[in-house]
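A.B. asks: Here it is, the structure, as structure tokens.
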Amino acid sequence: MGIPHLTRRLLPHAQSVTLGTTTNNENENDSANPAITTLIIDGPGLVYDIYYRLLSWADESLNPIDAQPSGNDVSVGVMLFLMGLRGCGVHVEKIYFDGGLPLSKRPTRLERMEKTRQKLETLCRETAGGFKAASVRRGDVDGQVNVNRRKVFERRQVPRRFKNLPENPFMMATVIEDLVRGRWTGVEVRKWGGGVEGVGGDEENVFAGVAEIVPGEADMWCAEAARDYGAAVLTGDSDLLVHDLGPNGSVIFFDSIEADSSSGDGIRATQLCPAAIASSLGVVSIQRLAYELKRDPHTSFANLIRHAKSTDGSVEKSASFIAFMKEYNPPSLPPASPAPTGVSHTDPKLSELHAQYTANPLLSHPHEPPHIYLPILTESHDRRTAWTHGSSIRLMAYSLLNQHQPPQSRHETVLEHIRKGRRIAQTPLPLLSPRDLARKLPAFVSLVNSIITSHSDESSNMTIWKSLALHEILSHMGPADRPSPGRLRRFLARDYCGEKLEWEDIHLHAQMGAVVYSVRLLGEVVAIVDGDGDQLEGGLDDAVREVGGVLNTGLFPPLRVVGVMRGWLGGADVDVGRIVDGVFGLLRDEEVDDGDDDDQQEQQQANISPNENNSEESSWTTTLPGKQRQGQGQGQGQRRKRKTSDVSVSTAPVQSKQRRAKEKEKQKQKKGVQGNNMFDLLRMEG
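According to the numbering used here, the sequence shown is numbered sequentially starting from 10.
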């Protein structure tokens with residue numbers, strides 16, 4: 010975020026440094042070429058820096074979607090960067106990640122979301138014709154990009170054709186999960202080329218205790234650590250220059266870091282020490298200089314220095330200066346972790362939602378519903394956001410977290426910020442009661458168990474959860490709108506249905522990713538609630554344990570796998586067949602369960618023929634790749650037959666199906682009878 014032009018004004022007073030000790034610089038006190046041996050790292054800045062460094066090395070023959078570094082690519086890059094620092098003798102004291110931005114940054118956050126939305130809109134418009142098959146990247150989940158040390162330390166320009174690509178939406182949580190949950194053991198580090206002497210045992214977490222999500226903006230914790238340790242903060246945010254870093258604290262920007270693998274000079278960087286610069290310029294403080302710059306960004310540097318030299322204290326006592334400094338000098342930092350003992354957040358979105366229940370005035374207004382900001386997905390901008398799918402699962406997560414709070418701290422709604430067409434908008438979601446949760450959570454477990462049962466023991470975990478995602482999407486569609494099993498097999502095996510990659514294909518991948526991410530979010534909340542030990546209202550404890558049994562016992566894959574929305578099967582025919590056969594088999598079973606009710610309703614509607622045109626507009630707008638909605642380009646009253654696996658199923662017009670389904674669900678709700686379809690419970694609102 011930062012203050013415009015502050016860094017540019019101070020750079021002439023920066024100092025070249027070396028990170029760690031080398032054969033050319035073994036004395037960290039060498040004033041000509043000092044060595045930095047201790048670092049505090051701004052986590053979000055690290056992730057974005059590695060992402061863009063990897064993107065700059067992407068193969069330009071690929072389409073932008075496939076050129077994007079995956080969450081796993083970025084996580085590997087972060088590991089290689091940290092191991093590179095360790096190999097040079099740099100000790101990383103802490104890596105802090107945002108766990109909730111202060112209220113003052115809410116407009117800035119929404120502006121950033123809007124800029125990302127605009128990038129997506131531009132990308133979709135410029136590539137509306139899709140992408141040739143030759144531009145599609147093939148590869149397995151692990152290591153789609155050849156990530157190596159050179160690519161994370163040497164900087165290049167990002168190719169122009171990739172500049173409108175929105176950032177990977179799941180990379181932040183992926184990096185945090187891998188650092189905190191112990192992916193980077195000695196074995197795993199060496200596997201990816203990050204081996205350094207003294208990394209510890211093969212099963213030991215190399216970065217244990219280093220990474221942490223904090224309930225607020227990471228800047229504050231970075232500044233406090235810099236004061237405590239007299240260390241440098243590695244960041245991409247010039248706001249760190251304005252924080253009180255103490256007499257020896259300093260700032261090093263990511264874009265100043267570079268290492269030449271062909272030389273022995275180690276890792277070079279540029280350091281700015283605010284206290285030393287203020288003394289050199291003769292100003293009261295860098296904070297005072299930054300304040301004057303913000304008041305008059307167009308004045309000369311000489312005038313800024315002159316105004317910042319005033320020592321009578323009148324400026325520091327003014328209301329405007331006090332308001333300016335509130336952002337950089339909070340009254341006190343909240344506890345470093347809002348999570349219960351033994352449970353660590355690995356998702357900044359969930360951490361921020363949880364932190365808003367702590368009554369911290371920096372993060373939330375009293376009595377205001379909590380906010381959650383879902384990232385812009387790489388999806389078709391002309392379609393409804395893919396976050397529409399998985400909403401019922403996320404609602405269970407939000408509601409369960411709400412029920413976990415003391416009664417006086419609970420809310421009736423959560424405000425979910427997502428893309429809606431050409432804007433970013435908030436949607437109030439009424440939270441579920443304990444009674445509703447006690448119905449919906451077991452229904453979710455039953456659905457998951459049915460999908461597991463539909464697969465053989467040889468099926469991979471990812472196959473199960475991608476099957477769940479497809480079931481969620483297809484179960485909301487009438488049989489006439491679903492793609493044929495053969496078409497879906499091609500989609501899963503090749504990542505696209507037709508002759509080339511279309512935005513409809515990309516959108517379906519985004520929908521699947523949204524569902525599986527929502528399941529992961531529910532699993533994280535269940536781990537928090539179940540790990541606390543407190544009893545829940547409404548007999549929810551058993552239901553929570555059941556959900557934990559299917560989500561938190563090693564069955565659900567890590568986010569570095571979940572976050573790969575495309576290319577996740579790598580054309581594995583066995584897994585493709587299992588997914589398609591399992592999902593369509595489950596859908597057929599659900600339709601058979603409901604079939605008798607449909608037949609009775611058809612017989613009672615004597616004045617409505619299934620072959621007559623129905624002018625009622627369908628409320629369902631989602632289509633799958635290569636599939637037109639009923640009524641577009643053909644008669645709506647025309648009966649058609651589609652092969653479903655090895656069974657030929659006659660399908661009535663989709664509008665009639667939807668109308669009958671709505672009437673049937675209304676009757677069930679009036680009678681208080683639960684439907685045979687396990688997903689009915691998850692679709693019902695409250």
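Beta carbons: idealized from backbone N, C-alpha and C, even for Gly.
Since we're looking at a predicted model, the values are computed, not measured.
Put H22 into one of helix, strand or coil per three-state DSSP.
C.D. replies: Sequence index remark: in the sequence shown, residue 22 carries index 13 (1-based). In the structure shown, H22 sits in a helix (DSSP, three-state: H, G or I).
A.B. asks: Starting from E533, trace the alpha helix (DSSP H) in both directions and tell me its first and last residue.
C.D. replies: Translated into the one-based positions of the sequence shown, residue 533 becomes position 524. Segment 512-541, the alpha helix (DSSP H) holding E533.
A.B. asks: Got a sec? Which residues, its chain only, sit under 7 Å from K509 by beta carbon, not counting five neighbours each side?
C.D. replies: Position 500 of the sequence shown, counted from the start, is the residue given in the question as residue 509. Around K509: G139, F140, K141, A142.
A.B. asks: What's the C-alpha gap between A278 and L28?
C.D. replies: Numbered from its first residue, the sequence shown carries residue 278 at position 269. Numbered from its first residue, the sequence shown carries residue 28 at position 19. Their backbone Cα atoms lie some 7 Å apart in a straight line.
A.B. asks: Rounded to a whole number of angstroms, what is the C-alpha to C-alpha distance between L501 and V585?
C.D. replies: The sequence position of residue 501 within the sequence shown is 492, counting from 1. The sequence position of residue 585 within the sequence shown is 576, counting from 1. Taking the straight line from one Cα to the other gives about 6 Å.
A.B. asks: Considering only the beta carbon of each residue, do V556 and L441 sit closer than 8 Å?
C.D. replies: As a position in the sequence shown, residue 556 is number 547, starting the count at 1. As a position in the sequence shown, residue 441 is number 432, starting the count at 1. Against a cut-off of 8 Å, the Cβ pair of L441 and V556 comes out as no contact.
A.B. asks: Let me check understanding here. Comparing Cα to Cα, which of T367, R146, Q166 lies closest to S70?
C.D. replies: The residue given as residue 70 occupies position 61 in the sequence shown. Measuring from the Cα of S70, the nearest candidate turns out to be R146.
A.B. asks: What does DSSP give as the partner residue(s) for L438 in the beta ladder?
C.D. replies: Against the sequence shown, residue 438 aligns to sequence position 429. According to DSSP, which records beta bridges pairwise, L438 is partnered with V423.
A.B. asks: From G54 to I473, what does the alpha carbon distance come to, in whole angstroms?
C.D. replies: To locate residue 54, count along the sequence shown from 1; it is residue 45. To locate residue 473, count along the sequence shown from 1; it is residue 464. G54 and I473: Cα-Cα distance of roughly 34 Å.
A.B. asks: Tell me, please, which residues DSSP counts as bridged to E221.
C.D. replies: As a first step, residue 221 is located in the sequence shown; it is residue number 212 there, counting from the start. E221 has Y105 as its beta-bridge partners, per DSSP.
A.B. asks: Please classify R648 as buried or exposed, where buried requires at least 16 neighbouring CB atoms within 10 angstroms.
C.D. replies: The residue you call residue 648 lines up with position 639 of the sequence shown. With a pLDDT of 34 at R648, under the threshold of 50, the modelled position of this residue cannot be trusted, and the question is left open.
A.B. asks: Can you tell me whether K103 is buried or exposed? The criterion is at least 16 other CB atoms within 10 Å of its CB, across all chains shown.
C.D. replies: The residue labelled residue 103 in the question sits at position 94 within the sequence shown. It counts as buried.
A.B. asks: Might you give, ordered along the chain, the residues of its own chain that have their beta carbon closer than 7 Å to the beta carbon of G203, omitting 5 neighbours on each side?
C.D. replies: If you number the sequence shown from 1, residue 203 lands on position 194. Answer for G203: M88, L89, M92, listed in chain order.
A.B. asks: What does the Cβ neighbour count give for Q414, buried or exposed, with the cut at 16 atoms within 10 Å?
C.D. replies: Counted from its first residue, the sequence shown places residue 414 at position 405. Exposed, since its Cβ has fewer than 16 Cβ neighbours within 10 Å.
A.B. asks: Whose C-alpha, out of L383, L479, R499, is nearest the C-alpha of A182?
C.D. replies: By one-based count along the sequence shown, residue 182 stands at place 173. Closest in C-alpha terms to A182, from the list L383, L479, R499, comes L383.
A.B. asks: Under a three-way DSSP split, which group does L549 fall into?
C.D. replies: Taking the first residue of the sequence shown as 1, we reach residue 549 at position 540. Of the three classes helix, strand and coil, the one that applies to L549 here is helix, per DSSP.
A.B. asks: Apart from the five residues on each side of it in sequence, which residues of its chain come closer than 8 Å, Cβ to Cβ, to D543?
C.D. replies: Here the question's residue 543 lines up with position 534 in the sequence shown. Counting only Cβ-Cβ distances below 8 Å, and skipping sequence neighbours, we find H413.
A.B. asks: Could you check the C-alpha separation between N369 and G108 for me, to the nearest Å?
C.D. replies: Taking the first residue of the sequence shown as 1, we reach residue 369 at position 360. Taking the first residue of the sequence shown as 1, we reach residue 108 at position 99. Spanning the two alpha carbons is a distance of roughly 13 Å.
A.B. asks: Please classify I12: does DSSP put it in a helix, a strand, or coil?
C.D. replies: Taking the sequence shown and counting its residues from 1, one reaches residue 12 at position 3. Of the three classes helix, strand and coil, the one that applies to I12 here is coil, per DSSP.
A.B. asks: Are the beta-carbon atoms belonging to Y105 and P78 less than 8 Å from one another?
C.D. replies: Position 96 of the sequence shown, counting from 1, holds the residue named residue 105. Position 69 of the sequence shown, counting from 1, holds the residue named residue 78. Contact: no.
A.B. asks: Using only the alpha-carbon positions, how far apart do V83 and G322 sit?
C.D. replies: For the purposes of this step, residue 83 is identified with residue 74 of the sequence shown, where counting begins at 1. For the purposes of this step, residue 322 is identified with residue 313 of the sequence shown, where counting begins at 1. If you take the alpha carbons of V83 and G322, they lie about 47 Å apart.
A.B. asks: Opposite K114 in the DSSP bridges: which residues?
C.D. replies: Locating residue 114 in the sequence shown gives position 105, where the first residue counts as 1. Beta-bridge pairing links K114 to no other residue.
A.B. asks: Determine the contact status of P283 and L313, defining contact as a CB-CB distance below 8 Å.
C.D. replies: Taking the sequence shown and counting its residues from 1, one reaches residue 283 at position 274. Taking the sequence shown and counting its residues from 1, one reaches residue 313 at position 304. Not in contact: P283 and L313 (Cβ atoms no closer than 8 Å).
A.B. asks: Between which two residues does the alpha helix (DSSP H) holding R569 run?
C.D. replies: Locating residue 569 in the sequence shown gives position 560, where the first residue counts as 1. Element bounds for R569: 568-571.
A.B. asks: If you measure between the beta carbons of L48 and A241, is that distance less than 8 Å?
C.D. replies: Residue 48 sits at position 39 when you count from the first residue of the sequence shown. Residue 241 sits at position 232 when you count from the first residue of the sequence shown. Closer than 8 Å, so yes.
A.B. asks: Can you list, in chain order, the residues of its chain with a C-beta nearer than 8 Å to that of L424? Leave out the 5 residues immediately preceding and following it.
C.D. replies: Residue 424 sits at position 415 when you count from the first residue of the sequence shown. Counting only Cβ-Cβ distances below 8 Å, and skipping sequence neighbours, we find P378, P379, H380, I381, Q435, T436, P437, L438.
A.B. asks: With DSSP as the reference, identify every bridge partner of Q280, one or two as the case may be.
C.D. replies: Along the sequence shown, one-based indexing puts residue 280 at 271. Partner(s): Q24, I261.
A.B. asks: Given a cut-off of 8 Å, decide if V167 and S65 are closer than it, judged by their beta-carbon atoms.
C.D. replies: Working through the sequence shown from its first residue, we reach residue 65 at position 56. Working through the sequence shown from its first residue, we reach residue 167 at position 158. Contact: yes.
A.B. asks: Could you give the C-beta distance for E301 and A317, rounded to a whole number, given that I count them as a contact under 8 Å?
C.D. replies: Position 292 of the sequence shown, counted from the first residue, corresponds to residue 301. Position 308 of the sequence shown, counted from the first residue, corresponds to residue 317. E301 to A317, Cβ: 5 Å. Contact.
A.B. asks: Just to confirm my understanding: we take A332, look at its own chain, exclude 5 residues before and 5 after, and list those with CB closer than 8 Å. What are they?
C.D. replies: Along the sequence shown, one-based indexing puts residue 332 at 323. Same-chain partners within the cutoff: there are none.
A.B. asks: Would you mind reading off the limits of the beta strand (DSSP E) that contains D51?
C.D. replies: Residue numbering aside, residue 51 sits at position 42 when the sequence shown is read from its first letter. Where D51 is concerned, the enclosing beta strand (DSSP E) stretches over 47-51.
A.B. asks: Just grab the DSSP bridge partners of Y382 for me.
C.D. replies: Along the sequence shown, read from residue 1 onward, the residue named residue 382 stands at position 373. For Y382, which the question treats as bridged, DSSP gives the partners H426.
A.B. asks: I'd like to know if A552 contacts chain E, where contact means its C-beta is closer than 8 Å to some C-beta of that chain.
C.D. replies: In the displayed structure, chain E is absent; only one protein chain is listed.
A.B. asks: If H516 and R392 are in contact, beta carbons under 8 Å, what's the gap, nearest whole angstrom?
C.D. replies: In the sequence shown, residue 516 corresponds to position 507, counting from 1. In the sequence shown, residue 392 corresponds to position 383, counting from 1. With 8 Å as the limit, H516 and R392 qualify as a contact, their Cβ atoms being about 5 Å apart.
A.B. asks: Tell whether a beta-carbon distance below 8 Å holds between G225 and L19.
C.D. replies: The count along the sequence shown starts at 1 and reaches residue 225 at position 216. The count along the sequence shown starts at 1 and reaches residue 19 at position 10. No; because the gap between Cβ atoms is not below 8 Å, this pair is not in contact.
A.B. asks: Which runs of the beta strand (DSSP E) spanning at least 3 residues fall entirely within the stretch 115-147, listed in chain order?
C.D. replies: none
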